[in-house]
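Asker:
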Amino acid sequence: MNNKNKIAIFGATGSLGGCVLNAIRSNDKFGNSEVVAIAHQRRSQPDTVQTRLADYADPDSLIQALQGVNTAIYAMPINREMEKWNATLVKAADICEVERLIRFSGPLADARSSFLPLSIQGNMDDRALAREFGQAAILRTNFLMQNFVTSHRYMVRDGSLLLPACEGRISYIDLEDVGSAVLKMLEDFDSYDGQIFDVTGAVAWNNAEIAEIFSDVLRKECSYQALELAAYSGSLKEQGMDAFQTQFMVELLELADMDEFSFIGEGIYTILAQRPKSFYTFVMDNKACWQ
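Take the sequence shown: its letter number 227 is residue 259 in our numbering, and every next letter is one higher.
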C-alpha cells in the first residue's frame with residue numbers, strides 16, 4: 033500500500049461512506065493516508081479529514097475534487113440520474129488518473145434484469161469495471177443491519193416492527209464487516225481488481241424471526257406488523273420521494289418478498305477469511321440503542 037495514499041470517500045456522512053471513514057481513521061496502518069470527504073454541501077468532519085465540494089451533475093466539480101486522489105470509494109444515491117452521474121464520476125476519475133475505484137452496489141445487480149434496481153445497479157457496475165484508466169472493484173452489499181439502528185430504531189424500542197410486508201428472508205450485513213473488507217482491499221488492491229463481491233451475512237432472516245431475536249436479546253416483547261406495499265409506497269411519497277425513487281424502493285421490497293435476497297454471498301469469507309457478524313451479535317452490541 034502506498035504510504036502517501038490519498039483516499040476520497042463520497043458520502044462520508046452516510047452509512048456506507050461513514051463506515052469506511054471510521055474504519056480508516058481507527059486503523060494504524062492508514063495513519064499516513066490522507067482522507068478526503070467529497071460532499072454536495074459542507075458538513076462537520078474530523079479535523080484530520082479534508083472536505084471537498086462536488087456535484088455529481090457537474091463534471092468539472094468532480095474533476096476538481098478528485099485532484100491528487102489515489103483511491104475513490106463511492107455509492108450512488110437513488111436518483112433518476114444515477115446512471116448518468118455514475119458515468120460522469122468514472123470519467124472524472126479516469127481524467128484525474130485515480131488509480132483505484134471501489135464502488136458500493138446493490139445485491140443481485142444485473143444489467144439484463146427486468147427489475148429497475150437490479151438493472152440500474154448492474155449498468156453502473158459494468159461502467160465502473162470498464163473504466164479506461166486504473167483499477168476497479170465492486171462490493172454488492174445486501175440490506176444493512178444498521179437499518180435497525182437508524183430508520184427502524186424507535187420501532188424496536190417501542191416493541192413493534194411496522195415493516196413492509198415481506199415473507200422472504202434477507203441475509204443482512206453489518207457495516208463493521210463492510211468497513212473491514214474495504215480496509216483489506218486497500219492493503220492489496222491488485223488481489224481484488226476487476227472483481228465483484230457479494231457482501232451478505234451468514235444467515236438469512238425474515239421479519240418475524242428478526243422480531244423474535246430482538247425479543248430474546250432485549251428481554252421484552254417485540255412483534256412484527258406487516259405494512260402492505262401500497263401503504264408503504266404512499267408513505268414514501270409523503271416523505272418526499274419522487275416516482276423513480278418510490279418505484280426503486282418498492283421493487284426492492286417485491287424482490288425481498290420473493291426471497292431473492294436470502295442468498296449467502298462469499299464476499300466477507302473471501303476478503304476477510306472469516307464469518308460475517310451474526311444478527312444476534314449485532315443486537316447484543318447495540319442493545320443500548322433500543323433501551
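Yeah, the Cβ is synthetic: ideal placement off N, Cα and C, and Gly gets one too. It should be emphasised that the depicted structure is a prediction, and the values quoted were computed from it without experimental measurement.
Between which two residues does the alpha helix (DSSP H) containing residue 157 stretch?
Answerer: Here the alpha helix (DSSP H) through residue 157 covers 148–161.
Asker: Determine, using beta carbons only, whether residue 210 and residue 231 come nearer to each other than 8 Å.
Answerer: Yes, they are a contact pair.
Asker: Excluding the 5 residues flanking residue 177 on each side, which residues of the same chain have their C-beta closer than 7 Å to its C-beta?
Answerer: Taken in chain order, the residues that qualify are 204, 205, 206, 311 and 314.
Asker: Any idea if residue 275 is buried or exposed, counting beta-carbon neighbours within 10 angstroms, 16 or more meaning buried?
Answerer: Under this definition residue 275 is an exposed residue.
Asker: Measure the CB-CB distance between residue 202 and residue 293 and report whether it falls below 8 Å.
Answerer: In contact: residue 202 and residue 293 (Cβ atoms closer than 8 Å).
Asker: Go through the stretch 40–66 residue by residue and report every complete run of the beta strand (DSSP E) that reaches 3 residues or more, in order.
Answerer: The qualifying runs do not exist here; there are none.
Asker: Within the chosen definition, does the stretch 89–105 reach the stretch 115–130 through at least 3 CB pairs nearer than 8 Å?
Answerer: Yes, the stretch 89–105 is in contact with the stretch 115–130.
Asker: Roughly how many whole angstroms lie between the Cα atoms of residue 194 and residue 250?
Answerer: Answer to the nearest angstrom: the Cα atoms are 18 Å apart.
Asker: Pick out whichever of 87, 272, 107 and 308 has its Cα sitting closest to the Cα of residue 134.
Answerer: Nearest C-alpha to residue 134: 107.
Asker: Measure from the C-beta of residue 94 to each C-beta in chain B and report whether the shortest distance is under 8 Å.
Answerer: Although the question refers to chain B, the structure presented lacks it and comprises just one protein chain.
Asker: At the level of alpha carbons, what is the spacing between residue 145 and residue 151?
Answerer: Taking the straight line from one Cα to the other gives about 5 Å.
Asker: Does the structure place the stretch 154–172 close enough to the stretch 219–238 that three or more beta carbon pairs sit under 8 Å?
Answerer: The answer is yes - the stretch 154–172 touches the stretch 219–238, with three or more Cβ pairs under 8 Å.
Asker: Tell me which same chain residues have a C-beta within less than 7 Å of the C-beta of residue 192, skipping the five on either side of it?
Answerer: Correct list, in chain order: 255 and 257.
Asker: Going by DSSP, which residues form a beta bridge with residue 140?
Answerer: None; residue 140 has no bridge partner.
Asker: Can you tell me where the beta strand (DSSP E) holding residue 300 begins and where it ends?
Answerer: Careful: residue 300 lies outside any beta strand (DSSP E), inside the alpha helix (DSSP H) at 299–304.
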